[in-house]
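See below for the structure under consideration.
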Amino acid sequence: MPTALVTGGGIRVGRAIALALGRAGFDLIVHANRSVSDAAQVVKELQALGRTARVEAADLSSLEGPQSLAGRIEKLDLLVNSAASYEHANFADITRGQLERMLAVNVVAPFILTQALTGALKASGAGCVVNITDMAVTHAYTATHFFAHYLASKAALDQLTRAWALELGPTIRVNSVAPGPVAMSAETTGHQRSDILNRIPLRREGRPEDVADAVVFLAQSPYITGQTLRVDGGLSVA
-13 MPTALVTGGG IRVGRAIALA LGRAGFDLIV HANRSVSDAA QVVKELQALG RTARVEAADL
47 SSLEGPQSLA GRIEKLDLLV NSAASYEHAN FADITRGQLE RMLAVNVVAP FILTQALTGA
107 LKASGAGCVV NITDMAVTHA YTATHFFAHY LASKAALDQL TRAWALELGP TIRVNSVAPG
167 PVAMSAETTG HQRSDILNRI PLRREGRPED VADAVVFLAQ SPYITGQTLR VDGGLSVA
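Below, the structure is given as structure tokens:
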């Protein structure tokens, strides 16, 4: 069975991705930091599907966390960089510390993990990386106001997707999934929510499972690399 590592795989979108990959035939390494108990529940669900699964804990915001996590993984076919820091803050008030923490989780950790696991991904013969970015880095909408440092970090990861696709091919494919309004944050006001839904051609908020399905599609598409698949109900073209 192919093996996938999903960072941030215990909750929300990461959880949906891990379960969808399990249903698609992948064994799973479910990473978590503060959500280890949630990740353990995901592992139980994956094992009920007949998959081999385990939890690996690591603080991806720390200097040693990403490298430590990579060092515990020997076999890997798919890396999903899903773990993310997400914070609502007025641009004028964002501190250097806040910016650095955001970049540590959303850019530095995927960079170090992908770099450290390149050997394992090449050895698989069909290695694949899928980054979870955000459609708002190219098509901002009202609910993304006051997330400047978050959007900057996701824009960097989006660009790394294309850089890695060029540099790691032909043995490793690299793509990204860019969700739109999926499981909107608690900071989204009722007015913002109504405005967003009225602009989405499909007229509904996305589900974590919609993102997970896109990850599975990219993982199983051997002639796609360097691409960003927007999962946004059509908001980016509205």
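Heads up: the sequence shown at position 117 corresponds to 103 in my numbering, and the numbers run straight through without jumps. Backbone N, C-alpha and C fix where the C-beta goes; we use that ideal spot for every residue, glycine too. All figures in this text were calculated on a predicted structure; none of them were measured in a lab.
**Classification of Lys140 by the beta-carbon crowding that lies within 10 angstroms, buried from 16 upward** = buried
**Asked** I think Ala56 touches Leu32, with their Cβ atoms under 8 angstroms apart; what is that distance to the nearest whole Å?
**Response** About 21 angstroms separates the two Cβ atoms, so there is no contact after all.
**Continuous beta strand (DSSP E) stretch holding Val163: start and end** = 158 to 165
**Item:** Selection from Gln213, Gly219, Leu204, Ala224 that minimises the alpha carbon distance to Asn64
**Value:** The amino acid occupying residue 64 in the given sequence is Leu; Asn does not appear at that position. The candidate whose alpha carbon is nearest that of Leu64 is Leu204.
**Message:** According to DSSP, Gly192 sits in a beta bridge with which residue or residues?
**Reply:** Val168
**Message:** For the structure I just gave you, are there three or more beta carbon pairs, one from the stretch 205 to 219 and one from the stretch 154 to 174, closer than 8 angstroms?
**Reply:** yes
**Prompt:** Is Asn92 buried or exposed, if buried means 16 or more other CB atoms sit within 10 Å of its CB?
**Reply:** buried
**Item:** Straight-line gap, Arg87 to Glu153 (C-alpha atoms, nearest Å)
**Value:** 27 angstroms
**Asked** Hey, quick one: how far does the beta strand (DSSP E) through Leu14 stretch, first residue to last?
**Response** 13 to 18
**Item:** Bridge partner(s) assigned by DSSP for Arg40
**Value:** Ile15
**Request:** Would you kindly check if the distance between the Cβ of Ile158 and the Cβ of Leu107 is under 7 angstroms?
**Result:** yes
**Message:** Between which two residues does the alpha helix (DSSP H) holding Arg184 run?
**Reply:** As written in the sequence, residue 184 is Asn, which differs from the Arg given in the question. From DSSP, the alpha helix (DSSP H) with Asn184 extends over 176 to 185.
**Prompt:** Quick one: is Ser23 buried, meaning 16 or more other Cβ sit within 10 Å of its Cβ, or exposed?
**Reply:** exposed
**Request:** May I have a chain-ordered list of the alpha helix (DSSP H) segments no shorter than 4 residues that lie completely inside the stretch 93 to 150?
**Result:** 95 to 102, 104 to 110
**Item:** Nonlocal neighbours in the same chain, by C-beta distance under 6 angstroms from Thr(-11), ignoring five residues either side
**Value:** Asp13, Lys61, Leu62, Asp63
**Item:** Bounding residues of the alpha helix (DSSP H) (the contiguous stretch that carries Leu46)
**Value:** Here Leu46 belongs to no alpha helix (DSSP H), and DSSP marks it neither H nor E.
**Prompt:** If we ignore side chains and look at the alpha-carbon of each, how far apart do Arg179 and Asp120 end up?
**Reply:** 17 angstroms
**Item:** Secondary structure of Ala70, DSSP reduced to three states
**Value:** coil
**For Arg230, three-class secondary structure by DSSP** = Summary: the structure shown does not reach residue 230, with the chain confined to residues -13 through 224, and so no result is reported for it.
**Prompt:** Which partner residues does Leu64 have in the DSSP bridge list?
**Reply:** Ala(-10), Cys114
**Message:** Between the alpha carbons of Ser71 and Thr174, how many angstroms are there, rounded?
**Reply:** 17 angstroms
**Enclosing alpha helix (DSSP H) for Ala2 [first to last residue]** = -2 to 9
**Request:** Pull up the CB-CB distance for Met67 and Ile118, whole angstroms please, since I reckon it's below 8 angstroms.
**Result:** The question names Met, yet the displayed sequence has Asn at residue 67. With 8 angstroms as the limit, Asn67 and Ile118 qualify as a contact, their Cβ atoms being about 6 angstroms apart.
**Request:** Could you tell me whether the Cβ atoms of Val115 and Val160 are closer together than 7 angstroms?
**Result:** yes
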